[in-house]
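Chains as they are written, first to last, in full-length UniProt numbering: chain V, 1 to 294; chain X, 1 to 331; chain Y, 1 to 241. Worksheet for the structure shown next.
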Amino acid sequence: MVGLSAGEKNFIRGGIEQDLRADGRQRQDFRPILIETGVIPQANGSARVRFGATDVIASVKAELGKPNPLQPGRGKVAIYVDCSPTAAPAFERGGGEELSTELSAALQKCLLGGKSGAGAGIDLSSLMVLEGKVCWDLYIDGLVVSSDGNLLDALAAAIKAALTNTGIPKVDVGVGASPDEQPEVNISDEEFLQFDTSAVPVIITLTKVGREYIVDATSDEESQMSSAVSVSVNSHGKVCGLIKRGGAGLDASVILDMVSAARHVSQKLIPLLDSEIDAAEAASLAGQGSDVDP
Amino acid sequence: MRDLHLQQLRLNQTQRVRLQTALQKLQDVSPSSAAATVAVADNIPVNHEDGVLKGHGTSELDGQVVATLCGVVERVNKLVYVRTLRARYKPEIGDIIVGRVIEVATKHWRLEINFSQDAVLMLSSMNLPDGIQRRRTATDELNMRSIFEENDVICAEVRGFQHDGSLHLQARSLKYGKLKSGQLLTVPPYLIKRRKQHFHHLENYGVDLILGCNGFIWIGEHVETSNGVMEGDGGNKVEESNESSSHSVPLGEKGQRLMSLETRQHICQIANAVRVLSTLGFSLTTEGILEAAKASISLGINTKDMLGAEFHVQTAEREVGRRMSLLRKKG
Amino acid sequence: MEYVKLSGFRLDGRRPTEMRHIHAEVGAVANADGSASFEMGNTKVIAAVYGPKEVENKGQQIGNKALVRCEYSMANFSTGDRARRPKGDRRSTELSLVIRQTMEACILTHLMPRSQIDIYVQVLQADGGTRSACINAATLALADAGIPMCDLVTSCAAGYLNSTPLLDLNYLEDSAGGPDVTVGLLSKLDKVTLLQMDAKLPLDIFENVMQLAIEGCKAIANLIRQVLLENTKKLEYLRGT
C-alpha cells in the first residue's frame with residue numbers, strides 16, 4: 001500500500017480531532033451502506049455488502065453432518081474468510097493469508113461464542129436434525145472483493161444478511177431406524193426453514209487515532225490507528241465478543257468507554273442494517289421474478 | 001444501473017427514475033460521436049488516397065486501419081488516432097501533474113504519477129529552496145530528503161522523455177513543490193481536460209485546488225507562494241520535519257497547529273464535490289466543482305450527505321440544465 | 001445417462017448448439033485500473049487489471065516489453081460441494097498460466113516497455129466453462145483498463161455427448177466424462193490461440209466440435225464488442241465537453 005505524506009497524515013489526524021473527517025463524516029458516522037442478497041444462487045444463502053469502496057461477499061452453505069459427540073444437541077458452524085487478489089495486488093500469492101486468518105478468527109470469536117457456543121449469535125440447537133446423529137453443518141465463507149478499510153464490520157454485516165437470505169431444506173428422518181445405525185434422511189427441495197437472525201450480532205470497530213476513536217475507518221484512516229477495538233453487539237445491546245488489535249496499549253477505562261460507544265452506535269446500526277437487509281430481500285425476490293420474464 | 005460507481009448509491013425508486021431520465025437527456029444533448037466510437041479490433045474507415053498517418057491506438061491489418069483501444073476516433077489532417085477514455089495517464093510535455101514520491105535515489109526522486117512507469121525528478125531540474133540558480137553540490141545531494149522525502153505529495157511539470165524511455169519531470173518554479181495539509185484524490189485522467197490553468201486558489205474558501213493532468217487532485221489549505229514565502233518556508237524545513245515527528249503522537253495536544261474548522265469544512269466540501277462529479281463521470285473543471293460545492297451549501301446539504309444518492313441525482317439534473325443552456329447559447 | 005433427450009433438448013432445456021444466458025459488464029472492482037464481470041449461466045467470474053505500472057521486482061523487468069502476470073483464484077463457495085482447497089494448488093497454477101499466455105498473445109506488450117500488468121481473475125461461482133469465462137472477463141477488464149490489444153480474445157467450450165456436439169457445457173455435462181474442447185479465438189484475425197481437449201474423439205467429430213466452439217467464441221466476441229462500445233459511448237457522453 002502507498003504510504004501517506006506527513007501533510008496528509010496531519011490532515012487525517014486533525015480531522016478526527018476536530019470531528020470532521022476527510023469525506024465530511026463525523027467520528028461516529030458510517031459510510032453509505034449497500035446490501036444485495038442472493039448473489040450466489042448456488043449457495044443456501046448469500047449477500048454482498050458495500051461500505052463505500054469496501055466490498056465483501058458472504059455465502060452460507062449447509063451440509064448434513066454428524067454432531068460432535070460432546071455436544072450431541074447442536075449443529076456446527078465454521079467461518080472462513082479469503083481476501084481476493086482483485087482487491088489489492090498485495091493479496092496475490094497468499095499475501096492476504098495473514099489478514100484472512102485474522103478476520104476469520106475475529107468473526108469466529110464474535111459470532112460463534114467460543115467453544116461452548118453459549119454466546120453464539122446463531123442458535124446452534126436449531127441446526128439439530130436428530131440428536132447425536134444428524135445435524136446441519138454451516139459453512140460461512142467471506143470474500144473480500146475490494147478493500148477500503150473496516151473489513152470486519154462489513155463482513156459481519158454480510159454474514160448477517162447472508163444468514164437472513166439462507167433457506168435450509170426441511171429434513172425428514174426415516175423412522176424405525178435402530179439406535180446404532182445412521183438413520184435415513186429425506187431432504188425436501190420444496191420446504192425451507194428460515195433462520196431467525198435477529199440475534200445475530202453486528203460488529204462495530206472503533207479505531208483509535210490520536211485521542212479520539214472513530215467508526216468505519218477507511219484504509220487511510222486505519223493507517224493512522226494506534227489500536228482498534230472490535231465489539232460485537234446484538235439487538236438487545238448485549239456485548240457478544242470483543243477483540244483489541246493494534247500495538248498501543250489502552251487504559252481499561254478507555255476500553256470501557258469504547259465499548260459503551262459501540263453499544264450506542266449499534267442502536268443506530270442494527271435497525272439500519274435490518275431495514276437494508278429486508279429491502280435487499282424484497283428486491284432479490286422481485287429480481288427472481290423478473291428473471292423468468294425476459 | 002450498470003455502472004459500478006452508480007451502483008454504490010442507494011437510490012430509491014423515484015431517484016432511480018430521475019437519474020435515468022437525467023442521464024438519458026445528457027445522452028440526447030451530447031453531440032453524436034456514436035459513429036466515431038470504436039472498440040478494440042474495429043476497423044477505422046480512412047481514405048487511403050489522401051494518405052494516412054496512424055496515431056495512438058491504431059494499427060494496420062491487411063491494409064485496413066484497426067483500433068487497438070476502445071475510444072473515440074479523432075482526425076487531425078492526415079493523422080488518425082483513438083482518444084481513449086478510461087486508461088492510465090498518457091503524459092504530454094508541459095502537463096502539470098501531482099505525484100507521490102516513491103523513492104529518494106542518487107540525484108533524483110522517483111514518483112508515482114499513474115503512468116506505466118515511475119517518473120523521475122532530477123535534483124538538477126528542481127529549484128532549490130534558497131531559490132538561487134547554481135550548481136548542485138554534494139551537500140545538496142545529501143540534503144535531498146529535506147526537500148522531498150518518501151510519500152510526499154508534490155506538484156511538478158512534465159519535462160519529457162529521455163533517450164532511455166524514462167519520463168522526466170521538472171519543478172523550476174515556486175508554484176511547484178511539496179503539498180501540505182490537505183487530501184489527495186485520484187480520478188480517471190480522462191475526466192481532466194488540459195487547460196492553461198491547473199492551480200486554483202479558491203479565494204472564498206481559502207483552499208488550493210490542483211487538478212493534475214494525471215488524475216491526481218490535490219485539495220489543501222491555501223499556501224501563499226508569492227513574495228518568497230515558500231523560500232523562507234523551505235529554509236527551515238529540516239527543523240520543521242524534526243519537530244513534526246516528535247509531535248506526531250500527541251496530536252494537537254500542544255502547539256501543533258490545526259487548520260481552522262472553516263477551512264477544513266471547505267476542503268471536505270470541495271473534495272466531496274470532486275467525488276460526486278467523478279462518480280457520475282462528468283468532466284472535472286473548477287467551475288463545475290465550485291458549482292457543485294455552492295449547490296450543496298445553498299441546498300443546505302451536510303458535507304457528508306453530498307455522497308448520498310439525492311445529491312448525486314440533483315447534480316446530474318443540474319448538469320442537464322447547464323448543458324442545455326450551453327446548447328441554447330450556441331444555437 | 002441421457003444428456004440429450006429424445007426431444008433434442010438438453011437437461012437444462014437448451015438446444016445442443018445453444019449457449020447459456022450471458023451477462024457481461026465492465027466495472028466490478030472500485031480501485032482497479034480496469035475490471036469486469038462475466039456470467040455464463042450460473043458460472044460467475046470477476047476480473048481486475050492493475051497497470052501498466054512500474055515493475056515491482058526489478059529483476060523481472062523486461063527491457064522492450066511489458067511483463068504480464070496473472071493469478072486465478074476460486075472462492076471457497078464457488079463450487080457445488082464446498083471444498084477447502086489450498087491457495088496455489090496445481091489446477092489454479094495451470095489456469096493462471098493458461099490465462100496469462102492467452103492474454104499476453106493479444107496485448108501489444110511492446111508499447112509498454114519496462115512496465116507490469118497484473119490480471120486477477122476470481123471465480124465466484126463455478127458451473128462449467130470457468131476457463132472460458134475467466135478469459136472473457138480478462139479481455140473485458142483489459143479493454144476497460146485501456147491496454148492496447150491487437151484483437152479481442154474470447155473463449156468458449158464445446159463437448160460431445162450422446163453422439164451430439166454440445167456448445168457451452170455446464171458442470172453436469174462437463175462431469176459426464178465426455179470430451180470438453182475449450183477454444184480461445186482472436187475473432188478479427190480469425191486465429192485460434194488456445195485449444196484444449198481432455199478426452200478422445202474421432203478426428204472428423206473433433207473438427208465439428210471445435211467448429212462449434214469457434215462459433216461460440218464469435219458470438220461472445222460480438223457481445224463483448226457491444227458491451228465495450230456501449231460503455232465507451234456512455235463514458236463519452238457523460239463526460240461532456
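All residues carry an ideal CB built from backbone N, CA and C; glycine is no exception. The model shown is predicted, which means the values in this text are computed figures rather than measured ones.
Beta-bridge pairing by DSSP links A157/Y to T182/Y. The beta-carbon separation of K53/Y and S115/Y, rounded to 6 Å, stays under the 8 Å limit for a contact. Residues of the segment 179-204 of chain X whose Cβ lies closer than 8 Å to any Cβ of chain V, in chain order: L179, K180, S181, G182, Q183 and L184. Taking a Cβ-Cβ threshold of 8 Å, none of the residues of chain X is close to E222/V; the smallest such distance is about 16 Å.
The shortest CA-to-CA distance from L34/V to any of I57/V, K9/V, D19/V and G65/V is the one to I57/V. Where M197/Y is concerned, there is no enclosing alpha helix (DSSP H), although the beta strand (DSSP E) around it starts and stops at K191 to M197. Residue range R90 to E104 is occupied by the alpha helix (DSSP H) that includes M103/Y.
Remark: C-beta atoms of A157/Y and D180/Y approach each other more closely than 7 Å. Restricting attention to alpha helix (DSSP H) runs no shorter than 4 residues, the segment 104-178 of chain Y encloses them at 130-144 and 171-174, ordered along the chain. Each residue's CA atom was taken as its position, placing F148/X and K178/X some 7 Å apart.
Inter-segment contact for the segment 7-15 of chain V and the segment 181-193 of chain X is present: three or more beta-carbon pairs are separated by less than 8 Å. With its beta carbon at least 7 Å from every one in chain V, D208/X lies outside the interface.
Burial of F311/X is indicated by the presence of at least 16 other C-beta atoms within 10 angstroms of its C-beta. In the same chain as L123/X, and ignoring 5 residues on each side of it, the C-beta atoms closer than 7 Å to its own belong to K107, H108, R136, D140, E141 and M144, in chain order.
Interface criterion met: the Cβ of A143/Y is under 7 Å from a Cβ in chain X. Secondary structure of S187/Y (DSSP, three-state): coil. Counting only runs of 4 or more residues that sit fully inside the UniProt domain "Exoribonuclease phosphorolytic" (29-169) of chain V, the alpha helix (DSSP H) segments are 97-112 and 151-165, in chain order. Taken through DSSP and simplified to helix, strand or coil, F9/Y comes out as coil. Bridge pairing for Y50/Y: D118/Y [DSSP]. When 9 Å is used as the limit between beta carbons, N31/Y is near these residues of chain V: A53, A87, A88, S146, S147 and D148, in chain order. Under a 10 Å Cβ-count criterion, G94/X is classified as exposed, with fewer than 16 other Cβ atoms of the shown protein chains found around its own Cβ.
When Cβ pairs closer than 8 Å are counted between the two stretches, the segment 114-130 of chain Y is seen to touch the segment 50-65 of chain Y, the count reaching three or more. Chain Y has no Cβ within less than 7 Å of the Cβ of A106/V. If only complete runs of 3 or more residues are kept, the segment 44-102 of chain X shows the beta strand (DSSP E) at 58-61, 64-67, 71-76 and 79-84, in order along the chain. Between the C-alpha atoms of R159/X and E92/X there is a straight-line separation of about 8 Å. DSSP, reduced to helix, strand and coil, places R194/X outside both helices and strands of the structure shown, so it counts as coil.
Counting only residues of its own chain and dropping the five nearest sequence neighbours on each side, L242/V has a CB closer than 6 Å to the CB of V231. In chain order, L235, L238 and R239 make up the part of chain Y whose C-beta sits under 7 Å from the C-beta of G281/X.
About 4 Å separates the beta carbon of T154/Y from that of A221/Y, a gap short enough to meet the 8 Å contact definition. Around the Cβ of G121/V, a 10 Å sphere holds 16 or more other Cβ atoms; the residue is buried. For Y120/Y, at least one C-beta of chain V is nearer than 7 Å to its own C-beta. Residue environment for A309/X: buried (at least 16 other C-beta atoms within 10 angstroms of its C-beta). For V223/X, there is no enclosing beta strand (DSSP E), as DSSP marks it with neither H nor E. For N151/X, the residues of chain V that pass the 7 Å Cβ criterion are G3, L4 and S5, in the order they occur in the chain. Neighbourhood of K5/Y in chain X, by CB distance below 8 Å: empty, with the nearest CB roughly 36 Å away. With respect to chain X, the C-beta atom of A162/V has no partner C-beta closer than 7 Å.
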